[in-house]
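Enquirer:
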Amino acid sequence: MFLSVVIPTYNRLPILEKCLTALERQRLEAPITNYEVVVVDDGSTDDTVNWLLRQSAAFPHVRLIQQDHGGPAEGRNRGVEHARGDVVVFIDSDLVVTEDFLLRHAQQLEQTWRQRGDRLCFTYGAVINTANFEDPTSEPHKLRDLSWAYFATGNVAIDRQVLERSGLFDTRFRLYGWEDLELGERLRQMGVVLVRCPEAVGYHWHPPLSLDQVPRLIAVEGERAKMGLVFYRKHPTRRVRFIIQFTLLHRLLWELLTLGGLLNERSLKPLLAWLIRQGKPGLAMELLRLPLNRIGVRALYAEAHAAGLR
0 MFLSVVIPTY
10 NRLPILEKCL
20 TALERQRLEA
30 PITNYEVVVV
40 DDGSTDDTVN
50 WLLRQSAAFP
60 HVRLIQQDHG
70 GPAEGRNRGV
80 EHARGDVVVF
90 IDSDLVVTED
100 FLLRHAQQLE
110 QTWRQRGDRL
120 CFTYGAVINT
130 ANFEDPTSEP
140 HKLRDLSWAY
150 FATGNVAIDR
160 QVLERSGLFD
170 TRFRLYGWED
180 LELGERLRQM
190 GVVLVRCPEA
200 VGYHWHPPLS
210 LDQVPRLIAV
220 EGERAKMGLV
230 FYRKHPTRRV
240 RFIIQFTLLH
250 RLLWELLTLG
260 GLLNERSLKP
270 LLAWLIRQGK
280 PGLAMELLRL
290 PLNRIGVRAL
300 YAEAHAAGLR
């Protein structure tokens with residue numbers, strides 16, 4: 000089995016270095032015959048490209064592909080086009096994996112292929128969120144790390160031919176959000192099943208919350224709303240409504256939990272600042288998610304109203 004790890008990246012050089020270093024340390028055993036790492040730089044404006052060119056000898060499995068800034072959907076498609084493997088593994092450029100990461104995916108895929116008699120499946124590994132940049136793999140598994148997403152490209156492996164039959168990613172998803180879950184809906188329609196592979200562990204690093212991140216987090220909710228509408232127009236189903244929170248239930252839920260907007264990013268600022276000073280940025284982020292969800296749902300309904308959708 001030849002695996003191609005496809006990683007789109009945009010201005011994430013510090014954590015990308017840790018990501019690629021971990022991938023160079025993979026344990027190779029049957030059924031893996033070889034692997035490669037296809038890094039697609041999505042028009043980074045930092046030193047990512049020059050650094051990769053300078054460090055090419057240190058990363059013999061890495062191949063660099065460059066494109067103008069077009070978003071992760073376009074980047075992943077380009078990575079698949081350039082991939083040589085018969086299995087494609089998608090991870091994000093801020094994921095640091097364990098030494099048997101690829102081996103666990105490969106073993107689970109091969110076992111499931113034998114059991115099913117076909118390759119209509121994909122493996123979904125574990126993602127542990129961490130803000131520890133120096134030692135990301137030291138983070139314990141937490142309840143909030145659990146995900147119910149069907150196909151999330153933070154940590155999945157799939158037969159290349161099955162992936163290509165799905166049509167790959169829709170490049171209309173140029174902003175933040177939903178391009179992987181939308182592909183997941185098409186895979187479901189093809190009868191492709193999710194196989195959980197918790198032994199394939201990746202540690203998803205993100206910087207601890209600081210108050211200067213709040214404007215960008217709010218902007219992301221606006222992007223998710225726009226892309227959510229693209230998702231729903233392609234799949235106008237009750238299931239997708241729930242995935243993107245385009246229901247009256249979600250609208251009511253976040254209004255209630257934020258007391259009709261009284262709990263917002265401004266009113267919560269003193270408490271968030273205090274939690275951050277106390278060394279609890281994770282708890283501050285969970286609290287901030289309340290108004291962020293309200294902002295996102297309201298933005299989605301505004302986008303739908305402007306488009307004439309209900």
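Here the sequence shown stands for residues 0 to 309, where the numbers follow numbering that gives the first Met the number 0.
Where a beta carbon is used, it is the ideal one built from N, C-alpha and C, also for glycine.
Predicted model, so just to flag it, every value in this text is computed and none were measured.
#1: Between the C-alpha atoms of ALA298 and GLY221, what's the straight-line distance to the nearest angstrom?
#2: Are the stretch 97-113 and the stretch 192-209 touching, with three or more C-beta to C-beta distances below 8 Å?
#3: Any idea which residues DSSP pairs THR129 with across the strands?
#4: Apart from the five residues just before and just after GLU138, which ones in its own chain have a Cβ nearer than 7 Å to its Cβ?
#5: Of all the options LEU162, ALA151, ARG26 and ARG77, which has the alpha carbon lying nearest to the alpha carbon of VAL96?
#6: Could you round the C-beta distance between VAL161 and ALA82 to whole angstroms and report it? I think they count as a contact, below 8 Å.
#7: Give me the residue from ALA283, SER3, ALA105 and GLU23 with the minimum Cα distance to SER209.
#8: Where does GLY78 land, buried or exposed, given buried means 16+ other C-beta within 10 angstroms?
#9: Please identify the residue among GLU133, ARG240 and GLY116 whose C-alpha is closest to the C-alpha of LYS17.
#10: Across the stretch 262-271 and the stretch 218-235, are there enough close Cβ pairs to call them in contact, namely three or more that are closer than 8 Å?
#11: In the DSSP assignment, find the alpha helix (DSSP H) that holds LEU267 and state where it starts and stops.
#12: Can you tell which of TYR34, VAL39 and ALA56 has the C-alpha that lies nearest to the C-alpha of ARG75?
#13: On the premise that THR47 lies in contact with LEU12, defined as a C-beta separation below 8 Å, what is that separation, rounded to the nearest angstrom?
#14: Verify whether the separation of the beta carbon atoms of PHE230 and ALA72 is less than 9 Å.
#15: Run through the DSSP bridge pairs and tell me what CYS120 is partnered with.
#16: I'd like to know whether the C-beta atoms of ARG62 and GLU35 end up nearer to each other than 9 Å.
#17: For GLY69 versus THR170, is the C-beta spacing smaller than 9 Å?
#18: Is it buried or exposed for ASP117, if we count other Cβ within 10 angstroms and need 16 for buried?
#19: Could you name the residues of the same chain whose beta carbon sits closer than 8 Å to that of ALA94, not counting the 5 residues immediately before and after it, in chain order?
#20: Could you please give me the residues that DSSP links to VAL39 through a beta bridge?
#21: Exposed or buried, which one is GLU285 when buried takes at least 16 other CB atoms within 10 Å?
#22: In the DSSP assignment, what are the bridge partners of PHE172?
#23: From ARG103 to LYS141, what does the alpha carbon distance come to, in whole angstroms?
#24: Measure the beta-carbon distance from GLU163 to PHE172 and round it to whole angstroms, keeping in mind my assumption that it falls under 8 Å.
#25: Around the Cβ of HIS249, are there at least 16 other Cβ atoms within 10 angstroms (buried) or fewer (exposed)?
#26: At the level of alpha carbons, what is the spacing between ILE275 and GLY281?
#27: Give me the Cα-Cα distance between GLU14 and VAL37, rounded to the nearest whole angstrom.
#28: Name the residue from ALA57, PRO59, LEU51 and ARG237 whose alpha carbon lies nearest to the alpha carbon of GLN65.
#29: What does the Cβ neighbour count give for SER92, buried or exposed, with the cut at 16 atoms within 10 Å?
#30: State yes or no: is the C-beta of CYS196 within less than 9 Å of the C-beta of THR136?
Expert: According to the structure data:
#1: About 6 Å.
#2: Yes, since at least three Cβ pairs between the stretch 97-113 and the stretch 192-209 fall closer than 8 Å, the two stretches touch.
#3: TRP204.
#4: Closer than 7 Å at Cβ, skipping near neighbours: ILE127, THR129, ASN131 and TYR202.
#5: Considering only LEU162, ALA151, ARG26 and ARG77, the residue with the shortest C-alpha distance to VAL96 is ARG26.
#6: That pair is no contact at about 14 Å.
#7: Of ALA283, SER3, ALA105 and GLU23, the residue nearest in Cα terms is ALA283.
#8: Only buried fits GLY78, as 16 or more other CB atoms lie within 10 angstroms of its CB.
#9: The shortest CA-to-CA distance from LYS17 to any of GLU133, ARG240 and GLY116 is the one to GLU133.
#10: Between the stretch 262-271 and the stretch 218-235 there are fewer than three C-beta pairs closer than 8 Å, too few to call the two in contact.
#11: Run containing LEU267: none; DSSP gives neither H nor E here.
#12: The residue with the shortest Cα to Cα distance from ARG75 is VAL39.
#13: That belief holds up - the Cβ atoms of LEU12 and THR47 are roughly 5 Å apart, short of 8 Å.
#14: When the beta-carbon positions are compared, PHE230 and ALA72 stay at least 9 Å from each other.
#15: DSSP, once it has assigned bridges, lists VAL192 as partnering CYS120.
#16: Taking 9 Å as the cut-off, the Cβ atoms of ARG62 and GLU35 count as close.
#17: Cβ distance < 9 Å, so GLY69 and THR170 count as in contact.
#18: The residue is exposed, with fewer than 16 neighbouring Cβ atoms inside 10 Å.
#19: The question names Ala, yet the displayed sequence has Leu at residue 94. Answer for LEU94: CYS18, VAL126, GLY153, ASN154, GLY201, TYR202, HIS203 and TRP204, listed in chain order.
#20: Residue pairing of VAL39 in beta bridges, as defined by DSSP: PRO7 and ILE64.
#21: Exposure of GLU285 is indicated by the presence of fewer than 16 other C-beta atoms within 10 angstroms of its C-beta.
#22: PHE172 pairs with nothing; no bridge assigned.
#23: The straight-line gap from Cα to Cα measures roughly 21 Å.
#24: In fact, because the Cβ distance is near 18 Å, the residues do not count as touching under 8 Å.
#25: With 16 or more Cβ atoms within 10 Å of its Cβ, HIS249 is classed as buried.
#26: Roughly 8 Å separates the two Cα atoms.
#27: A small fix is needed here, since residue 14 is Ile in this sequence, not Glu. Their Cα atoms are separated by approximately 16 Å.
#28: The shortest C-alpha to C-alpha distance from GLN65 to any of ALA57, PRO59, LEU51 and ARG237 is the one to LEU51.
#29: The residue is buried, with at least 16 neighbouring Cβ atoms inside 10 Å.
#30: Not closer than 9 Å, so no.
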